[in-house]
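Take a look at the structure set out below.
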Amino acid sequence: MRILLFLLVSTLSLNAQNWHPPMDPPMILSGSFGELRSNHFHSGIDIKTGGVVGKSVYAVERGTVVRIRVGPTGFGKALYLRHPNGKTSVYAHLNAFDPAIAEYVKKAQYRQQRFAVDLYPEAGTFTFERGEEIAKSGNSGSSGGPHLHFEIRNTANEHPLDPLNQGFSVEDHRAPLLERLVLIPISADARCNGIRENVILPTTRSGVGQYRVSDNRSIQLTGTWGFAVQTVDQQDGGSNRNGTVMLKMWLDDSLRYVHDIDEFSFSETRYMNSLITYDQYKCCRWRGTKLYVEPNNQLSFVQGNPAGYEFEAVGKHTIRIEAEDRRGNKSVLTYSFGTLEPAQHDSAVEDPVVLQNKPWLVHHEAHRITVGDARCIIPAGVLYTDTYFPKGQAAYDNTFYTPLYRFGHQEIPAHTYFTLDLPLAAIPKGLRAEQLCFVEVEESGRKEWWPGEWKSGRFIGRSREFGRYAIGADTVAPVIDPVNIYARKNMSRNESLMVRIKDDFSGIDAIKGTIDGQWVLMEWDPKTRRLWYTFDERCPAGEHTFALEVTDNCGNTAEYVVFFTR
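Residue numbers (this note's numbering): 1042 to 1607.
See the structure below:
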């Protein structure tokens, strides 16, 4: 049995210092650093604002603004301040900038004629002292509710750092919760009580900071297995299910896994999909953290057995899992199970999991999967581990221009893009080439749009989601619904002109609003579908014409024109 030795150092960062709080206390978290999010780790902490926008946001230390971002998704409105101590602070989902910054941003938006901008002011253009107000909190971008997303980064490499390990603190007397234990078969001969499938075991508290499995059945394992745990953490004053930053696992009193997410690089964040029980997330919307390291998992902050645990000694074994937060609150789950020698037939080629049209893919090799004339080209490194990969052709669906092809399934994670290459002899009559697209049909029936390009009888594109694909089209233009404007309306008492926009499939690609033929700044919030222009000197008293064009990702355009007065 392979034994890993670890030198564990559990101290606060030597760079921790006395920062000014980014908001007035109390600081209650709705999201923690390193939390497991969709395809990424959370790069900061989310600070509650009581369900409202417009609260003061402060510079945590003297610094200069080095970056300003505005966009409809992601961070929304965000500021980046560089400090003399080698750190950069980030403030996101803002509602409003400091007035001087707001004017600078607006000029850039009109100069570029676009709402979304990414600006890098010269150092010293905007400087703030410690504790000076820099912005107002908000709900902009891909925010699920009013809050401040706050980060501390290492300026030298842009790595996000855990603010709670950098001198910021929150009231926290609550230990992490350990909610489920998952046993994961890895080798072809892996069996639990004779069956090869994930074993999900709920837990219950057995004492202060102590957990046990509540399923009392006897477990006997053969082959190589991995372990995973579903864990969440909570702080005082909040009920949010936040992430757990530190995990350890012992197998028979030997430390075999360590996980301390204190820092990471953005280039490695998608490896999160290798760390989690991705299949459970896709089917059931919960994530466990694997307590072993898959072969193509290149995360810098995990150490553990590669590709699971093989039990050479037959008999009883015990695992102990420890979850800890930055304040030293700790929970422990202990579980015992038995192991047996694999049955001789379990290693045979005719293993039940090796089915027709379900080839075995090696993670470090490139693969070309074919179904008739359709191809899926998978570069080396797309997969995190060797994988059984179903393929095939579903029944023809007359809503598509090709059969529905299966290339893997949605519970297999892909780290980078693979290529889809499907046959399509000609562009269907009545369609423009740009209207064609790949349609991913999820197991639930939900359809997702992916772009592609028609070339000489083939339709080619990229995806990062395995599953079922066909060639379809988006021929429907976006919809524009006026909110507070109609023909000949007197808008003199309105602060803004607002519409709602939506698209039924491929998504909105471009927006252009004009007043009397001149481009005006339309702010866009996709989660509410709101699009608005705030009246300013560009729309003085008098009669005006407002025109709006909204184009989707397949080139379908909707137009709206209305006359109004001010």
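All C-beta atoms, glycine included, are put in the ideal place defined by N, C-alpha and C. Predicted, not measured: the structure shown is a model, and the values here were computed from it.
Same chain, Cβ closer than 6 Å to residue i, five either side skipped, listed in chain order
i	result
residue 1315	1335, 1338, 1425
residue 1069	1089, 1278, 1279
residue 1131	1121, 1192
residue 1551	1592
residue 1469	1442
residue 1285	1217, 1272, 1274, 1364
residue 1390	Because the pLDDT of residue 1390 is 36, which lies under 50, any placement of that residue in the model is unreliable, and the number read from its coordinates should be weighed accordingly. No residues qualify anywhere along the chain.
residue 1298	1290, 1332, 1345
residue 1596	1475
residue 1588	1555, 1602
Outcome for residue i when other beta-carbon atoms lying within 10 angstroms are tallied against a minimum of 16
i	result
residue 1406	exposed
residue 1442	buried
residue 1300	buried
residue 1073	buried
residue 1257	exposed
residue 1417	buried
residue 1325	exposed
residue 1401	exposed
residue 1364	buried
residue 1577	exposed
residue 1085	buried
residue 1545	exposed
residue 1136	buried
residue 1367	buried
residue 1600	exposed
residue 1328	buried
residue 1410	buried
residue 1154	exposed
residue 1194	buried
Range covered by the beta strand (DSSP E) that runs through residue i
i	result
residue 1599	1598-1606
residue 1195	1188-1195
residue 1089	1086-1089
residue 1122	1119-1123
residue 1539	1537-1543
residue 1290	1287-1292
residue 1522	1520-1523
residue 1477	1477-1482
residue 1572	1571-1575
residue 1315	That residue, residue 1315, is in no beta strand (DSSP E); its alpha helix (DSSP H) goes 1313-1316.
residue 1554	1549-1556
residue 1501	1499-1506
residue 1360	1356-1365
residue 1098	1097-1099
residue 1250	Segment: none, residue 1250 is in no beta strand (DSSP E) and carries neither H nor E.
Straight-line gap, residue i to residue j (C-alpha atoms, nearest Å)
i	j	result
residue 1080	residue 1580	43 Å
residue 1261	residue 1293	16 Å
residue 1146	residue 1311	31 Å
residue 1502	residue 1466	16 Å
residue 1605	residue 1156	23 Å
residue 1059	residue 1127	14 Å
residue 1598	residue 1169	44 Å
residue 1218	residue 1281	12 Å
residue 1603	residue 1594	25 Å
residue 1196	residue 1107	11 Å
residue 1214	residue 1275	9 Å
residue 1138	residue 1117	12 Å
residue 1232	residue 1223	14 Å
residue 1225	residue 1421	24 Å
residue 1008	residue 1607	Examination of residue 1008 is not possible in this model, given that the chain is present from 1042 through 1607 alone.
residue 1178	residue 1099	10 Å
residue 1201	residue 1379	42 Å
Contact test: residue i Cβ vs the ligand FMN heavy atom, cutoff 7 Å
i	result
residue 1254	In the structure on display, the ligand FMN does not appear, and there are no ligands present to speak of.
N-terminal and C-terminal residue of the alpha helix (DSSP H) that residue i is part of
i	result
residue 1140	1140-1153
residue 1320	1319-1325
residue 1465	Note, residue 1465: premise wrong, no alpha helix (DSSP H); not H, not E.
Other residues of its chain near residue i: CB distance less than 7 Å, five sequence neighbours each side excluded
i	result
residue 1375	1253, 1359, 1361
residue 1491	1478, 1479, 1481, 1502, 1504
residue 1574	1537, 1538, 1554, 1561, 1562, 1563
residue 1151	1562
residue 1228	1264, 1265
residue 1567	1113, 1114
residue 1522	1540, 1541
residue 1484	1451
Contacting residues, own chain, Cβ-Cβ under 8 Å from residue i (five flanking each side not counted)
i	result
residue 1499	1462, 1463, 1464, 1465
Practice task
Ignoring anything shorter than 3 residues or poking outside the region 1176-1242, list the beta strand (DSSP E) runs there in chain order.
Solution key: Those beta strand (DSSP E) runs which fall completely within the region 1176-1242 and span 3+ residues are 1188-1195, 1218-1226.
Practice task
Would you mind listing the alpha helix (DSSP H) stretches within the region 1261-1290 that are 4+ residues and don't spill past its ends, in chain order?
Solution key: As far as the region 1261-1290 is concerned, it has no whole alpha helix (DSSP H) run of at least 4 residues.
Exercise for the section: Could you tell me which uninterrupted beta strand (DSSP E) segments, each at least 3 residues in length, are contained entirely in the region 1397-1453, listed from first to last along the chain? Expected result: For the region 1397-1453, the full-length beta strand (DSSP E) segments reaching 3 residues or more read 1408-1412, 1415-1419, 1432-1434, 1446-1448 along the chain.
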